[in-house]
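Participant:
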Amino acid sequence: MGRENSMMGKAMRVCVLAGMVVVAIAPLAAQQPAPQPAPPAAHHWAIQVHGGAGVIERSALGPQASAAYRASLTQAAEAGAKVLDSGGSSLDAVEAAIKVLEDDPLFNAGRGAVFSAEGKNEMDSSIMDGSNLMAGAVAGVGRTRHPISLARAVMEKSPYVMMIGPGADAFGGRVGLEQVDPSFFFTESRWQNLVKQLQKDGRPVPPRPAGAPPPGPTVPVAQIDESAQSRRYGTVGAVALDRQGNIAAGTSTGGMQGKMPGRVGDSPIIGAGTYASNASCAVSATGSGEYFIRLGVAREICNLVQFKGMTLQQAADQVIHKELETLHGDGGVIALTPDGQLAWTFNTPGMFRARQREGGKLETGIYNDEP
Ligand code: ASP
1 MGRENSMMGK AMRVCVLAGM VVVAIAPLAA QQPAPQPAPP AAHHWAIQVH GGAGVIERSA
61 LGPQASAAYR ASLTQAAEAG AKVLDSGGSS LDAVEAAIKV LEDDPLFNAG RGAVFSAEGK
121 NEMDSSIMDG SNLMAGAVAG VGRTRHPISL ARAVMEKSPY VMMIGPGADA FGGRVGLEQV
181 DPSFFFTESR WQNLVKQLQK DGRPVPPRPA GAPPPGPTVP VAQIDESAQS RRYGTVGAVA
241 LDRQGNIAAG TSTGGMQGKM PGRVGDSPII GAGTYASNAS CAVSATGSGE YFIRLGVARE
301 ICNLVQFKGM TLQQAADQVI HKELETLHGD GGVIALTPDG QLAWTFNTPG MFRARQREGG
361 KLETGIYNDE P
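Okay, here's the thing in structure tokens:
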């Protein structure tokens with residue numbers, strides 16, 4: 001008690017002293033503005049999306065299909081841009097853009113995912129927050145409508161980075177993510193392509209999935225895919241930079257058509273198909289997943305930026321056009337940095353892609369002779 005009192009007395013004396021000092025220096029302070037902390041650097045938001053790389057040629061795709069792809073890519077980029085323009089986070093923008101592409105049967109993710117050799121849709125996805133290196137991923141899921149949201153739930157609502165199969169879907173249900181019958185993901189065009197591929201390879205054709213609609217006419221995408229069936233990767237992805245200067249990346253896929261059940265590609269592998277760190281860059285990849293895993297493509301690009309001082313474009317080109325090609329892998333990436341560098345590159349004839357910077361025009365691209 002006595003000690004407390006004596007401490008209070010000391011504090012009061014200090015206050016009194018401090019008060020005297022303040023009075024003494026107040027006139028000076030009024031004349032010389034106190035230095036203010038620098039305002040946070042204003043970042044201009046940016047977003048890029050992709051819908052897969054591969055043998056995508058003008059002559060095979062045709063103007064109608066090309067316009068359909070561009071419209072979908074535009075819609076996805078706009079969904080992300082809307083989030084960013086209203087001050088939302090890069091993470092929210094990435095998820096919003098990818099959800100649009102997952103719902104679009106043109107792309108190999110969510111509805112429209114390719115089938116495994118057993119006639120099932122086994123989807124993989126991942127997301128990463130460059131501001132804190134948090135990451136989430138799922139593989140072999142088949143009941144959660146938006147695998148990208150499931151990957152995000154793993155990141156934010158579980159102690160894990162990666163979950164697989166029915167356990168991951170069940171977790172999605174528990175945290176309130178929309179669950180659907182597996183037939184939700186069925187599309188006639190993907191089914192017919194699977195049947196053709198299995199017949200060509202002399203492999204058994206599984207029965208038409210339960211709950212699938214009765215066989216109907218093919219949609220135009222079937223004709224497109226037929227022309228380049230085995231060398232088309234329809235994975236989707238997005239990278240974004242928000243006004244706070246944070247970056248994020250995400251990727252979602254049905255994997256490779258006719259894959260052995262249980263096969264997992266690069267898309268849900270942090271560092272291979274997806275990576276984001278505010279210290280370097282954000283990357284989402286598409287291509288022959290096994291090579292992307294072996295090279296750790298996404299992290300490799302960011303390493304070159306972070307530790308070798310390369311520009312983002314140099315780093316992406318080095319990994320895709322030198323390191324990946326040396327292994328005979330193919331595909332591409334979209335990437336961006338917190339300081340606003342944007343890059344995309346691919347060693348295939350095409351990659352479905354779109355991008356927009358704050359205040360700029362939304363651009364789409366498909367072929368390799370476009371900017
Ligand atoms: N990278 C994906 C995978 O290997 C395929 C794709 O990009 O479409 O599963």
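Under our numbering, residue 371 is the last one in the sequence shown; the count climbs by one each step, no gaps.
Heads up, the beta-carbon is just placed ideally off N, CA and C, and yes, glycines get one too.
1) With respect to the alpha helix (DSSP H) encompassing Met260, which residues constitute its N-terminal and C-terminal limits?
2) Does the Cβ of Gly273 lie closer than 7 Å to at least one heavy atom of the ligand ASP?
3) Taking 8 Å as the limit between beta carbons, can you name the residues of its chain near Gly359, skipping five residues before and five after?
4) Is Phe292 near the ligand ASP, with its Cβ less than 7 Å from a heavy atom?
5) Following a CB-centred definition, is Asp104 positioned closer than 7 Å to any heavy atom of the ligand ASP?
6) Check Gln244 in the structure and name its three-state DSSP category.
7) Judging by CA-CA distance, which residue of Asp129, Asp181 and Ser125 is the nearest neighbour of Leu150?
8) Where do the N-terminal and C-terminal ends of the beta strand (DSSP E) with Met351 fall, by residue?
9) Using only alpha-carbon positions, find the residue among Ala46, Ala249 and Phe184 that is nearest to Ala135.
10) Going by the beta-carbon positions, is the gap between Arg190 and Val114 smaller than 8 Å?
11) Return the first residue and the last residue of the alpha helix (DSSP H) that Leu150 is part of.
12) When every heavy atom of the ligand ASP is checked, does at least one fall within less than 7 Å of the C-beta of Ser126?
13) Would you mind sorting Asn132 into buried or exposed? The rule is 16 or more other CB atoms within 10 Å of its CB.
14) Can you say whether Met351 is buried or exposed, counting buried as having 16 or more other CB atoms within 10 angstroms of its CB?
15) Gly255: beta carbon under 7 Å from a heavy atom of the ligand ASP?
16) Using a threshold of 8 Å, state whether the C-beta atoms of Val283 and Ala238 are closer than that.
17) In the DSSP assignment, find the unbroken alpha helix (DSSP H) run with Gly173 in it and report its ends.
18) Out of Leu241, Asp201, Pro214 and Thr274, which one is the CA nearest neighbour of Lys259?
19) Under a three-way DSSP split, which group does Ser125 fall into?
20) Compute the distance between the beta-carbons of Ala77 and Arg357, then report whether it is under 8 Å.
21) Once you ignore the five residues that flank Leu177 on each side, which residues in its own chain have a CB closer than 8 Å to its CB?
22) Measure the CB-CB distance between Arg294 and Gly54 and report whether it falls below 8 Å.
23) Which residues mark the beginning and the end of the alpha helix (DSSP H) in which Phe307 is found?
24) Could you tell me the distance, in whole angstroms, from the CA atom of Gln192 to the CA atom of Arg353?
Facilitator: In brief:
1) Where Met260 is concerned, there is no enclosing alpha helix (DSSP H), given that its DSSP letter is neither H nor E.
2) yes
3) His44
4) yes
5) no
6) coil
7) Ser125
8) Gly350 to Arg357
9) Ala249
10) yes
11) Pro147 to Lys157
12) no
13) exposed
14) buried
15) yes
16) no
17) Gly165 to Arg174
18) Asp201
19) strand
20) no
21) Thr144, Arg145, His146, Ser149, Leu150 and Ala153
22) no
23) Val297 to Lys308
24) 26 Å
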